[in-house]
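If you number the sequence shown the way the numbering used here does, the last residue is 404 and the count never jumps. Here is the structure we will look at, set down as structure tokens.
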Amino acid sequence: MKLKNILSGVVFLIMMISCSMEDEVVLNDIDKEIQNNVEAYAYFDLNLVGKGSMTKAANSEDEAPIAEESSVNNCYLAIFNTDSKLLLNSFYYVNGTIKSVEGEEPIYALDSHFQMKVSKVENERPNLTFVAIANINYDNQSVDQGVSSLATLKACDTYDKLMAATIYENPTVLVKKGEISITKSQYETSSLVSEHDSYCTKVIIPVYQRSAAVELSSFIVRRTKSDGAYETLSTTDVKFNLYNVNLRTKVKTASDDIDSIEETVYNASDSDKRLYTYENMTDKKTYMKVSYTLNGNRETTRALYIKTPVNGQNVEEVLANHLYKLTVTVTNGTVNVGIKCYTKDWNYTNDADHNFEFIYKD
């Protein structure tokens with residue numbers, strides 16, 4: 043009887059172990075099926091394409107960039123859910139992980155594929171917005187000193203917060219910003235990590251300068267002779283001085299903080315023709331003066347305010363991603379300023395909205 047009871051117990055234990063193993067196999071299969079249904083990987087081949095001041099000159103009237111204006115040294119990339127505007131992922135590409143690609147336009151390839159985990163069901167995937175902010179200094183510890191905004195950008199967990207974030211880099215750093223959105227149907231996915239080459243979606247993000255450039259393209263001092271003709275006078279040591287330079291901007295719009303507008307004089311000689319400022323639409327206007335030596339005497343023009351064509355009027359303001367090429371002619375003490383304004387695409391059109399003059403009389 044005892045032997046019968048022992049055998050019965052052993053048989054029951056074997057049955058319990060067998061059932062437990064079958065349940066575990068079934069549960070594992072269910073877990074794998076759920077995981078395969080829920081999780082997939084999206085891969086992106088990311089490129090920055092230079093627009094605006096990075097674009098090569100298309101004809102003799104367009105403006106070719108100088109080397110510093112067309113370069114990308116690093117990039118902070120943020121990916122948002124287009125609909126909820128929540129941050130999904132971000133990455134900082136340092137110098138050495140970005141490669142220049144030859145072509146009609148300056149293209150910079152972010153060296154490694156960007157990987158994201160998404161739903162395997164297309165309807166449940168997010169629409170995506172890619173935001174690239176290039177040439178941000180890599181120095182999290184120096185934000186208080188005003189030389190890096192990387193920590194500020196990384197702290198933004200929504201699209202709106204990032205757009206309102208302050209750029210601390212000097213305008214001479216030539217920070218560039220761009221974005222592009224794609225729908226959930228425009229990118230592929232795979233359940234395997236190893237298939238990123240076969241299922242990689244190429245994303246090209248156009249980036250634009252957040253700075254504006256001001257250049258003195260010519261300077262002439264002349265007087266009227268007795269016969270009515272003009273005589274050009276010899277000037278030396280010509281310096282172009284820029285005042286009320288804005289040292290801060292937002293990622294998307296201008297900064298209206300007048301405390302960030304520097305009253306210190308920025309000057310350029312013939313070897314350094316362009317000066318940079320962030321856009322300035324405040325009452326503390328950006329202006330220039332030209333100092334020069336004439337007949338052994340040091341002279342300086344009056345304040346010449348930078349103007350932008352807006353809705354048919356020339357407004358005293360400086361806009362981002364604009365190049366202002368100025369010609370200054372001083373005739374018998376009267377200053378005539380001509381501006382060729384290369385607007386957002388940095389292409390020039392010879393019309394009233396891009397080529398205008400104004401006169402200052404002392």
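All residues carry an ideal CB built from backbone N, CA and C; glycine is no exception. Note that the coordinates shown come from a computational prediction; the quantities given were computed from them, not determined experimentally.
Spatial neighbours of residue i in its chain, beta-carbon cut-off 6 Å, leaving aside the 5 residues before and after
i           : result
residue 373 : 264
residue 213 : 253, 318, 319 and 320
residue 267 : 273
residue 198 : 204 and 207
Distance, residue j Cα to residue i Cα
i           : j           : result
residue 327 : residue 289 : 13 Å
residue 269 : residue 333 : 29 Å
residue 349 : residue 178 : 29 Å
residue 164 : residue 242 : 16 Å
residue 133 : residue 115 : 15 Å
residue 180 : residue 301 : 25 Å
residue 235 : residue 229 : 16 Å
residue 329 : residue 347 : 4 Å
residue 118 : residue 218 : 10 Å
residue 155 : residue 380 : 48 Å
residue 322 : residue 298 : 8 Å
residue 227 : residue 122 : 16 Å
residue 201 : residue 285 : 34 Å
residue 383 : residue 364 : 7 Å
residue 129 : residue 176 : 18 Å
residue 220 : residue 331 : 33 Å
residue 378 : residue 344 : 11 Å
residue 324 : residue 166 : 45 Å
residue 335 : residue 112 : 34 Å
residue 238 : residue 87  : 10 Å
residue 136 : residue 191 : 14 Å
residue 291 : residue 354 : 26 Å
residue 144 : residue 278 : 41 Å
residue 157 : residue 244 : 12 Å
residue 316 : residue 251 : 14 Å
residue 375 : residue 341 : 11 Å
Whole-angstrom C-beta distance between residue j and residue i, which should lie under 8 Å
i           : j           : result
residue 256 : residue 85  : Not quite, the Cβ-Cβ distance comes to about 43 Å (not below 8 Å), so this is no contact.
residue 246 : residue 89  : 5 Å
residue 249 : residue 174 : 6 Å
residue 303 : residue 280 : Rounded, the Cβ-Cβ distance is 25 Å, inconsistent with contact.
residue 216 : residue 293 : So it is not a contact: roughly 15 Å between Cβ atoms.
residue 194 : residue 208 : 6 Å
residue 371 : residue 262 : 5 Å
Where residue i sits in the DSSP three-state scheme
i           : result
residue 348 : coil
residue 214 : helix
residue 205 : helix
residue 235 : helix
residue 373 : strand
residue 97  : For residue 97, the pLDDT reaches just 37, beneath the cut-off of 50, and the residue's location in the model is therefore unreliable, although a value from the coordinates is still provided. Coil at residue 97, not helix or strand.
residue 196 : helix
residue 378 : strand
residue 297 : coil
residue 267 : coil
residue 230 : coil
residue 260 : strand
Cut-off 7 Å between Cβ atoms - residues of its own chain near residue i, not counting five sequence neighbours on either side
i           : result
residue 82  : 160, 161, 162, 231, 232 and 233
residue 259 : 367, 368 and 369
residue 357 : 349 and 350
residue 361 : 254, 321 and 350
For residue i, the residue or residues it bridges with in DSSP
i           : result
residue 408 : This structure cannot settle anything about residue 408, because the visible part of the chain is limited to 43 through 404.
residue 130 : Answer by DSSP bridge pairing: none, since residue 130 is not bridged.
residue 356 : 351
residue 174 : 119 and 220
residue 412 : The structure shown does not extend to residue 412, since the chain is modelled only from 43 to 404, so the question has no answer here.
residue 277 : 336
residue 324 : Residue 324 is not bridged to any residue.
residue 91  : 149 and 248
residue 318 : 255
residue 82  : 160
residue 365 : 255 and 384
residue 304 : 287
residue 135 : 117
residue 243 : 86
Contact set for residue i: own chain, Cβ-Cβ below 8 Å, skip 5 residues either direction
i           : result
residue 141 : 150, 151 and 153
residue 101 : Note that residue 101 scores 39 on pLDDT, short of 50, meaning its location in the model is unreliable and no value can be drawn from it.
residue 189 : 179, 181, 210, 211 and 212
residue 169 : 123, 124, 125, 223, 224, 225 and 226
residue 240 : 232
residue 77  : Summary for residue 77: the model assigns pLDDT 46, below 50, so the residue's position carries little reliability, and this model does not support an answer.
Any non-hydrogen atom of the ligand SAM within 6 Å of residue i CB
i           : result
residue 350 : Annotation note on the ligand SAM: not contained in the displayed structure, which lists no ligands.
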